[in-house]
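Q:
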Amino acid sequence: MTGTTLSDIYRDYIACLNKQDWPQLGQFVDDDAIHNGRRLGLSGYRQMLEKDFDEIPDLYFNVRMLIADPPYIASRIDFDCSPKANFLGLPLNGKRVSFSENVIYEFRDGKILQVWSVVDKAAIEAQL
3 MTGTTLSDIY
13 RDYIACLNKQ
23 DWPQLGQFVD
33 DDAIHNGRRL
43 GLSGYRQMLE
53 KDFDEIPDLY
63 FNVRMLIADP
73 PYIASRIDFD
83 CSPKANFLGL
93 PLNGKRVSFS
103 ENVIYEFRDG
113 KILQVWSVVD
123 KAAIEAQL
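In my numbering, the protein residues as written are 3 to 130.
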């Protein structure tokens with residue numbers, strides 16, 4: 003798989019998230035998906051995302067940087083949103099915050115197998 007092909011798959015995955023098109027998630031996420039060392043599988047991965055959108059109704063994934071080196075994608079995603087209550091242990095309660103997430107994805111057969119994600123919590127804390 004080329005870097006361009008993998009980048010296109012990734013951008014389609016992000017569009018799927020932003021549309022909250024959960025029935026299509028299996029097109030992008032492997033049945034054995036692992037997130038930050040925890041095996042969630044496709045159903046657990048979907049539950050995690052649905053929870054995120056429930057807790058942050060205006061959640062939108064804005065890809066700022068994208069590097070493809072198959073089978074890996076590295077991405078920096080920007081967020082500008084208003085979590086309803088606590089987020090990352092911080093009492094936001096509807097306050098609008100901007101922050102980034104640095105993520106590395108490993109793909110297998112065109113689907114996300116493993117995700118390593120770090121959210122810039124310090125950027126959120128600086129806005130409180």
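Built from N, CA and C at the ideal position, the CB exists for glycine as well.
Remember, predicted model here, so these are calculated numbers, not experimental data.
#1: Rounded to whole angstroms, what's the CA-CA distance from arginine 110 to glycine 28? Just pull it up for me.
#2: What does the Cβ neighbour count give for valine 120, buried or exposed, with the cut at 16 atoms within 10 Å?
#3: Residues in the same chain with beta-carbon distance under 6 Å from phenylalanine 81, minus the five sequence neighbours each way, listed in chain order, please.
#4: Under DSSP, the alpha helix (DSSP H) around leucine 51 begins and ends at which residues?
#5: Grouping DSSP H, G and I as helix and E and B as strand, with all else coil, what is proline 73?
#6: Using only alpha-carbon positions, find the residue among Ile106, Gly112, Tyr107, Phe89 that is nearest to glutamate 127.
#7: Below 8 Å between beta carbons: does that hold for arginine 78 and asparagine 104?
#8: What is the residue span of the alpha helix (DSSP H) that lysine 113 lies within?
A: Working from what's here:
#1: 13 Å
#2: Per the 10 Å Cβ criterion, exposed.
#3: Contacts found: Phe101.
#4: 43 to 57
#5: coil
#6: Phe89
#7: yes
#8: Counting along the chain, lysine 113 falls outside any alpha helix (DSSP H), though it belongs to the beta strand (DSSP E) covering 113 to 121.
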